[in-house]
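> Structure in structure tokens, see below.
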Amino acid sequence: MAFCQQELKPTSSFAITGEVKSPSTVQASDLKKWSIQPIGDVVITNHLGEKKSEAKALKGVLLKDVLQNVEINAESPKVLSEYYIVCKSNDGYTVVYSWNELFNSPTGNSAYLVTERDGKPLTEMNDAILMISTGDFKTGGRHVKALTSIEVKRAGR
9 MAFCQQELKP TSSFAITGEV KSPSTVQASD LKKWSIQPIG DVVITNHLGE KKSEAKALKG
69 VLLKDVLQNV EINAESPKVL SEYYIVCKSN DGYTVVYSWN ELFNSPTGNS AYLVTERDGK
129 PLTEMNDAIL MISTGDFKTG GRHVKALTSI EVKRAGR
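Count along the sequence shown starting at 1, add 8, and that's the number in our numbering.
What follows is the structure, encoded as structure tokens:
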């Protein structure tokens, strides 16, 4: 059963941990290192496809760009298909992407870390660090407010 996130305290960084060679922390200010792209307006829908809100004038960086240089503990590229990425909010709300979704499908071109909303920079957003997947049919399912961690895991381990 899907549930709505409560109003959360914004985050200013998130950790990247798990099956990676070097765990790291990404500060909100670090997101400027990657290409910031216009996202536009996104209607946030629930699991039934009903409109719940609208995020306007978004800009952001692709999640795959942030993860591109993270070295995964994989013995060969062949096993990357066994990995998945767990993204958590500071209230425990959790969403998952497979490695293939981000790096080998159109989903990777629509999963963003939002750097600007309604003309406000990340540091002034009340739902920062915000993650959104604009290519999902029902956008609320992977709409993460107050991102605090990204953990790389391997299936079956």
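From the three backbone atoms N, C-alpha and C, an ideal C-beta is built for every residue, glycine too.
Tell me, please, which residues DSSP counts as bridged to Met-139.
Position 131 of the sequence shown, counted from the start, is the residue given in the question as residue 139. Met-139 is bridged to Leu-121, Val-152.
> Using beta-carbon positions only, say whether Glu-90 and Arg-162 come within less than 7 Å of one another.
Within the sequence shown, numbered from 1, the residue matching residue 90 stands at position 82. Within the sequence shown, numbered from 1, the residue matching residue 162 stands at position 154. Going by C-beta atoms, Glu-90 is nearer than 7 Å to Arg-162.
> My understanding is that Ile-44 touches Cys-95, with C-beta atoms under 8 Å, so please give their C-beta distance in whole angstroms.
Taking the first residue of the sequence shown as position 1, residue 44 is located at position 36. Taking the first residue of the sequence shown as position 1, residue 95 is located at position 87. Incorrect: roughly 19 Å between the Cβ atoms, too far for contact.
> For Thr-22, which of helix, strand or coil comes out of DSSP?
Along the sequence shown, read from residue 1 onward, the residue named residue 22 stands at position 14. The residue you asked about is not Thr; residue 22 is Phe in the sequence shown. In the structure shown, Phe-22 sits in a strand (DSSP, three-state: E or B).
> So is Lys-40 buried or exposed if we call it buried at 16+ other beta carbons inside 10 Å?
Within the sequence shown, residue 40 is the residue found at index 32, counting from 1. So Lys-40 ends up on the exposed side.
> Let me check one thing: in DSSP terms, what residues is Tyr-92 bridge-paired to?
Residue mapping note: residue 92 aligns to position 84 of the sequence shown, counting from 1. The partner list for Tyr-92 (beta bridge, DSSP) reads Ser-106, Lys-161.
> Shortest alpha-carbon distance to His-55 belongs to which of Leu-155, Ala-63, Arg-150?
Within the sequence shown, the letter at position 47 stands for residue 55. Selected option, being the one with the closest Cα: Arg-150.
> Enumerate in chain order the residues of its own chain whose CB-to-CB distance from Tyr-105 is below 6 Å, with the five nearest sequence positions on each side excluded.
What you label residue 105 is simply residue 97 of the sequence shown in a count that begins at 1. Same-chain partners within the cutoff: Ile-93.
> What is the DSSP secondary structure of Leu-16, reduced to helix, strand or coil?
In the sequence shown, counting from the first residue as 1, residue 16 sits at position 8. Here Leu-16 sits in coil by DSSP.
> Going straight from the alpha carbon of Met-133 to that of Glu-124, what length do you get?
Here residue 133 refers to the residue found at position 125 when the sequence shown is read from its first residue. Here residue 124 refers to the residue found at position 116 when the sequence shown is read from its first residue. Using only the alpha carbons, I get a separation of about 8 Å.
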